[in-house]
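A short worksheet on the structure shown next.
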Amino acid sequence: MTLTVAILSFAHPHVHGYAAYLRAQPGIRVIGTDTGAPDPGTRRGAELAADLGLEYLPDVASVLAQAPDAVVICAENTAHRELTEQALAAGAHVLCEKPLATSDEDAAAMVAAAEAAGRILMTAYPVRFAPVVEDLLARVRAGQLGQIMSVHGTNNGKMPRPQERSWFTDPERSGGGAMMDHVVHVADLLDALLGEPAERVHAVTNQILHPDAGVETGGVVSACYPGGVIAQIDCSWSVPDSAPTWGGLTLEVQGTEGSMRIDPFAGHVGGYDSDGSIWQAYSTDLDARLITAFLEAVRTGTAPQPDGRVGARTLALVTAAQRSVASGQVEQVRAVG
Numbered sequence: 017m018t019l020t021v022a023i024l025s026f027a028h029p030h031v032h033g034y035a036a037y038l039r040a041q042p043g044i045r046v047i048g049t050d051t052g053a054p055d056p057g058t059r060r061g062a063e064l065a066a067d068l069g070l071e072y073l074p075d076v077a078s079v080l081a082q083a084p085d086a087v088v089i090c091a092e093n094t095a096h097r098e099l100t101e102q103a104l105a106a107g108a109h110v111l112c113e114k115p116l117a118t119s120d121e122d123a124a125a126m127v128a129a130a131e132a133a134g135r136i137l138m139t140a141y142p143v144r145f146a147p148v149v150e151d152l153l154a155r156v157r158a159g160q161l162g163q164i165m166s167v168h169g170t171n172n173g174k175m176p177r178p179q180e181r182s183w184f185t186d187p188e189r190s191g192g193g194a195m196m197d198h199v200v201h202v203a204d205l206l207d208a209l210l211g212e213p214a215e216r217v218h219a220v221t222n223q224i225l226h227p228d229a230g231v232e233t234g235g236v237v238s239a240c241y242p243g244g245v246i247a248q249i250d251c252s253w254s255v256p257d258s259a260p261t262w263g264g265l266t267l268e269v270q271g272t273e274g275s276m277r278i279d280p281f282a283g284h285v286g287g288y289d290s291d292g293s294i295w296q297a298y299s300t301d302l303d304a305r306l307i308t309a310f311l312e313a314v315r316t317g318t319a320p321q322p323d324g325r326v327g328a329r330t331l332a333l334v335t336a337a338q339r340s341v342a343s344g345q346v347e348q349v350r351a352v353g
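When we follow the numbering used here, the leftmost residue of the sequence shown carries the number 17, and every step to the right adds one.
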């Protein structure tokens with residue numbers, strides 16, 4: 017059976033990887049449309065659709081009129097709720113780019129809409145599909161590390177180029193800066209690792225490296241979990257533009273019987289040429305594994321992970337961190353039903 021998969025918006029750079037993988041799959045018809053205002057000089061809309069080999073339609077209504085089986089949302093963060101609700105109302109299953117939303121209220125509404133429609137809502141956390149993450153989770157669940165005591169995570173990368181993706185540094189479209197962009201990936205791994213949501217959060221942020229940015233460009237988030245685990249997340253846009261790779265994510269887990277550190281993006285061949293440093297990654301295509309899991313869930317009707325509730329729980333950690341930055345105090349994480 018041929019599946020029709022629609023991509024709504026080309027704002028997020030992950031659209032390139034998602035579209036390439038979808039187009040390479042047999043039995044998949046890929047359509048799409050762009051939403052939002054593109055930055056000057058950025059290829060978006062019909063031009064980018066041609067580059068990606070997508071069947072381009074003029075607007076969201078035209079796409080949804082095609083009755084797609086599934087929708088992949090790559091819009092600016094603050095547009096996620098509206099597009100998700102429209103897709104669900106049209107009967108489509110949804111894979112939404114992270115963060116799921118920019119407010120706890122919007123995330124809850126999206127989860128409720130998916131449940132009411134009887135459709136899948138999956139959150140796009142590709143790092144969850146890294147083999148080293150799967151290995152870590154298996155070892156922890158087998159008890160090899162004993163009781164988990166603390167976790168330290170990092171997610172550091174380049175600042176999104178304003179001339180290409182200015183919405184990342186516009187709080188009206190992104191909902192925040194490096195903390196919103198980077199904490200959620202580590203929060204998802206913590207959610208899978210610990211099996212419970214964070215309880216209390218304290219956070220600090222700064223703009224030291226990019227003082228002209230309209231959002232935070234660095235920060236540290238500390239979270240306490242009901243089981244006693246303390247987790248710290250280092251998030252920043254601290255990698256220089258001259259670096260050979262975008263950045264990376266790490267997670268170090270300390271238990272009573274051992275510790276383990278993972279670095280999902282470490283695999284590469286390095287060197288130098290006339291233009292400077294070379295970083296040629298050879299790690300697993302995590303976007304492909306994410307899309308594969310989503311398509312399998314659509315075809316079989318199974319519930320994929322990470323789902324919308326995971327997206328809401330991980331966002332709740334970030335919104336609590338935002339309140340902590342504003343108040344200077346420890347803040348409670350809002351419960352997700």
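Glycine is no exception: its CB is placed at the ideal position from the N, C-alpha and C atoms.
Classification of residue i by the beta-carbon crowding that lies within 10 angstroms, buried from 16 upward
i, result
"residue 135", "buried"
"residue 256", "exposed"
"residue 285", "exposed"
"residue 57", "exposed"
"residue 212", "exposed"
"residue 126", "buried"
"residue 348", "exposed"
"residue 292", "exposed"
"residue 282", "exposed"
"residue 85", "buried"
"residue 345", "exposed"
Residue i (DSSP reduced to helix, strand or coil)
i, result
"residue 262", "coil"
"residue 175", "coil"
"residue 348", "strand"
"residue 30", "coil"
"residue 182", "helix"
"residue 334", "helix"
"residue 94", "helix"
"residue 190", "helix"
"residue 327", "helix"
"residue 224", "coil"
"residue 116", "coil"
"residue 299", "coil"
CB of residue i within 9 angstroms of CB of residue j, strictly
i, j, result
"residue 52", "residue 183", "yes"
"residue 107", "residue 83", "yes"
"residue 137", "residue 99", "no"
"residue 239", "residue 333", "yes"
"residue 233", "residue 253", "yes"
"residue 25", "residue 55", "no"
"residue 140", "residue 161", "no"
"residue 219", "residue 195", "yes"
Close-in-space but distant-in-sequence residues of the same chain around residue i (CB under 6 angstroms, 5 per side omitted)
i, result
"residue 28", "90, 113"
"residue 270", "165, 166"
"residue 335", "120"
"residue 355", "Missing from the structure shown is residue 355; the chain here goes from 17 to 353 and no further."
Per DSSP, cross-strand counterpart(s) of residue i
i, result
"residue 246", "166, 240"
"residue 19", "44"
"residue 288", "293"
"residue 49", "24"
"residue 278", "267"
"residue 252", "172, 234"
Contacting residues, own chain, Cβ-Cβ under 7 angstroms from residue i (five flanking each side not counted)
i, result
"residue 307", "34, 37, 38"
"residue 329", "207, 213, 352"
Same chain, Cβ closer than 8 angstroms to residue i, neighbours up to 5 away in sequence not counted
i, result
"residue 312", "318, 320"
Near the ligand GTP: residue i beta-carbon under 8 angstroms from a heavy atom
i, result
"residue 296", "What this structure holds is no ligand at all, so the ligand GTP is not there to describe."
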